[in-house]
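**Q** Per our numbering, the very first residue in the sequence shown carries number 5; after that it's consecutive. My structure is below; once you've seen it, I'll send some questions.
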Amino acid sequence: MTEPNGTPTGDPAATGLPRGIGAPATRALTAAGYTRLDQLAGVPTAELLRLHGVGPKAVRVLREALGEHGLSFGD
Numbered sequence: 005m006t007e008p009n010g011t012p013t014g015d016p017a018a019t020g021l022p023r024g025i026g027a028p029a030t031r032a033l034t035a036a037g038y039t040r041l042d043q044l045a046g047v048p049t050a051e052l053l054r055l056h057g058v059g060p061k062a063v064r065v066l067r068e069a070l071g072e073h074g075l076s077f078g079d
């Protein structure tokens, strides 16, 4: 089964952003249109670091979470 956007139902990477990135980073990513972890696959980290509220810690946590799902940033 798949979600309307084509991602597999129950895919953890499609359910949201990791809590460990902090509220400012979550708000910044959401405002930029990133609401699910899988949407960050292929995005350069430099692009994320330009967002106010996203810093090295958030990028590190996101990189680890992406790796757990076989995904990675675009750099």
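Cβ atoms here follow ideal geometry from the backbone N, Cα and C, with glycine treated the same way.
Which residue's Cα is closest to the Cα of R59: A69, G26, L41, P22?
**A** Checking the sequence, you will find Gly at residue 59 rather than Arg. Cα-wise, what sits closest to G59 is G26.
**Q** Out of G24, A35, T19, which has the shortest C-alpha to C-alpha gap to V65?
**A** Nearest to V65 by alpha-carbon distance, out of G24, A35, T19, is G24.
**Q** Grab the span of the alpha helix (DSSP H) containing T30 for me, first residue to last.
**A** 27–35
**Q** Over the uninterrupted alpha helix (DSSP H) stretch that includes A69, give me the two end residues.
**A** Here the alpha helix (DSSP H) through A69 covers 60–72.
**Q** When you compare the CB positions of T30 and L21, do they come within less than 8 Å of one another, or not?
**A** yes
**Q** In angstroms with no decimal places, state the Cα-to-Cα distance between A36 and A62.
**A** Going by the C-alpha atoms only, they are around 15 Å apart.
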